[in-house]
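For reference, the structure discussed in these notes is given below.
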Amino acid sequence: MSTKISGKYILKRGNWYHYKRRVPEEYKDLFNGTHIRAPLETDSKSIAVERAKQISLMLEDYYRDIALNGDDLDQARYKKAFKKLKMCGFRHLNFAEVIAETSLAEFTNRINTAEAIQDDDTQEALIGTLKKPDVLISNSLDALIEHEKIKLSKKKPHELKKWTQERELSMGYFIAVVGDKPIETITREDILAFRKWWVNKILSEDLATNTANKAFTNIKRLIRIATDNNSLGMPVEDMFKDIRLKGTTKAERRPFPPQYVQDVLLKHDYKSISPECRLLLFAMADTGARIKELVGLDVENGDIVLDADIPHIKIQENKYRGLKTLQSRRDIPLVGASLYAFQELAKLNSDTGGGFKHYLGKSELISASINKYLKNNDLIPAENITLYSIRHSFSDILYKVRTPEKTHRAIFGHAHDREKYGDGITLKEKKFWLDKIASKI
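Following my numbering, the numbering of the sequence shown begins with 6 at its first residue and continues without gaps.
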């Protein structure tokens, strides 16, 4: 049986006193239930009254602070405060839990520690009045960058810029559709609205579905990291179930027709384009290397070797580019058009030791310049053909002369089907097969 002691917010149950106070209507969303309850851990009325006064003072200060300042707090202050809380040996509790669930010893210890610490945020964390701030979609990228720190550390500045811009663009699209809302309030309906927006955009602008799917992947990743970091418990997989678009997939890039590279591209005069653009095309023709790999070759790093029994290039990590995969690291013999290209680059850019100079590390810029030139000069024989199609043509030609699969993969920098043993394919072996298909210059 409990007995109410008027005016003191005290109840007596058996021999022990308890605190009980109704939560004001305007603060009900801050507490579970309609009343604040806490054991006073004493059978002495006078002691119970004093302890109840202490709890009431804390409550009234809390209500006053919320009324004056609201409950906003930035993430940096929040994390800093709770780091200090942990260092002091306290667990993270909200105000209602501090009042109702801590022992008298812990409660007193929290009050004494709060009085001794000068930092307001840490004081509030100790007594449970520091409200967790909302994590908005617009400020979620920093957490992803921190999570991917090791992976991103291997990217070059321009690669990191591209990576960041792609995710910022996805965030911008998402915010335009659902608003810049707290991540924990994002629902399955928001994701479906985002999907519907992309469907309309794809149909009206004739885009590939791959563009939308990348955006879905980026937003899903941002939400997953945010929910993990902040213990939000969001059902991320369910939210994004069956979201990816199918049907209108990105058009598959086609190779140039047989002999087109030899008979047309390598014989064109290229009068109104940079010599480096022309020579990149020649370099691709007989190496099949990626555009980024070729314009990222660093002479100072020893990536171009012309004065050797077998002239070759070294596709390896340097200050201008990383490696797409571990298997991308390889040496490629220079024959035919590719040997001509790097010999000409050595003359053209003799002041820097050869290789690319104006377009060094600028794969997107040189690719755009060449593709525009090819289009404007009627050098694109069919749809879905671009500069990169030279790599596909090179692959087809290698297969036509029955190059062994292992050698083909070694030249292209593709992964092996099984674990690699031994030293792999030698330069001499690669050159044997490349000589069979070398362009005539």
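Here a beta-carbon is modelled for each residue, glycine too, at the ideal position from N, C-alpha and C.
Nothing here was measured: the structure is a model prediction, and the numbers come from that model.
Determine whether the beta carbon atoms of residue i and residue j lie at a separation below 7 Å.
i      : j      : result
Tyr22  : Thr39  : no
Glu281 : His163 : no
Val266 : Ser175 : no
Arg334 : Gly301 : no
Leu149 : Ile230 : yes
Leu271 : Ser444 : yes
Asn218 : Arg249 : yes
Ala220 : Ala288 : no
Asn455 : Arg258 : One cannot answer for residue 455 here, as it falls past the ends of the chain, which runs 6 to 446.
Ile402 : Ile442 : yes
Gly293 : Arg172 : no
Ordered along the chain, which non-local residues of its own chain (more than five positions away) have a Cβ less than 8 Å from that of residue i?
i      : result
Pro338 : Ile315, Pro316, His317, Leu432, Lys435, Lys436, Leu439
Ser277 : Tyr378
Ser145 : Met176, Ile188, Leu227, Ile228, Ile230, Ala231
Tyr404 : His413
Ser143 : Met176, Ile180, Asp185
Glu465 : Nothing about residue 465 can be reported from this structure: the residues present for the chain run from 6 to 446 only.
Leu157 : Ile150, Leu165, Trp168
Cα separation between residue i and residue j?
i      : j      : result
Asp295 : Gly429 : The displayed chain sequence assigns Arg, not Asp, to residue 295. If I take the Cα positions, the gap works out to 21 Å.
Ala342 : Asp291 : 6 Å
Thr391 : Leu141 : 40 Å
Asp77  : Arg56  : Confidence at Asp77 is low in this model, with a pLDDT of 47, below 50, so its placement is unreliable and the value that follows should be read with caution. Rounded to whole angstroms, Asp77 to Arg56 spans 30 Å at the Cα level.
Arg414 : Phe245 : 36 Å
Leu487 : Leu285 : Given that the chain is displayed from residue 6 to residue 446, the structure contains no residue 487 and the question cannot be resolved.
Ile207 : Tyr178 : 13 Å
Ser394 : Glu242 : 37 Å
Asp336 : Ala181 : 47 Å
Thr357 : Lys161 : 21 Å
Asp308 : Leu197 : 48 Å
Leu344 : Pro240 : 56 Å
Glu151 : Lys167 : 17 Å
Asn381 : Ala387 : 14 Å
Lys319 : Ala351 : 16 Å
Val310 : Glu349 : 14 Å
Ser400 : Glu410 : 11 Å
Ile155 : Asp312 : 37 Å
Glu153 : Gln170 : 15 Å
Ser374 : Ser279 : 9 Å
Tyr275 : Gln264 : 19 Å
Glu65  : Ser51  : 21 Å
Lys17  : Arg193 : 48 Å
Relative to the ligand HEM, is the shortest distance from any of its heavy atoms to the C-beta of residue i smaller than 6 Å?
i      : result
Lys362 : Within the structure as shown, the ligand HEM is missing, as the structure has no ligands at all.
Report back the beta-carbon spacing between residue i and residue j to the nearest angstrom; my notes put them in contact at under 8 Å.
i      : j      : result
Lys324 : Ser368 : Not really, about 15 Å apart at Cβ, beyond 8 Å.
Val183 : Asp195 : 4 Å
His273 : Gln332 : The pair is not a contact, with the Cβ atoms about 33 Å apart (cut-off 8 Å).
Buried or exposed for residue i, going by 16 or more other Cβ atoms inside 10 Å?
i      : result
Gln321 : buried
Val269 : exposed
Thr408 : buried
Tyr14  : buried
Asn223 : buried
Val406 : exposed
Pro260 : buried
Ser236 : exposed
Ser49  : exposed
Leu370 : exposed
Ala53  : buried
Arg200 : buried
Ser372 : buried
Gly366 : buried
Ile191 : buried
Asp303 : buried
Arg283 : buried
Gly19  : exposed
Phe95  : With a pLDDT of only 49 at Phe95, under 50, the local geometry of the prediction cannot be trusted, and the value read off the model is given with reservation. Buried: at least 16 other Cβ atoms inside 10 Å.
In chain order, what residues of the same chain lie with their CB nearer than 6 Å to the CB of residue i, ignoring the 5 residues before and after it?
i      : result
Ile385 : Leu379
Ser61  : none
Asn74  : Annotation note: pLDDT 49 at Asn74 (below 50); position unreliable, no value reported.
Lys225 : Phe245
Lys159 : Gly327
Once the 5 residues before and after residue i are set aside, which same chain residues still bring their CB inside 7 Å of it?
i      : result
Asn354 : Gly360, Lys362
Asn234 : Ala148
Arg27  : Thr39, His40
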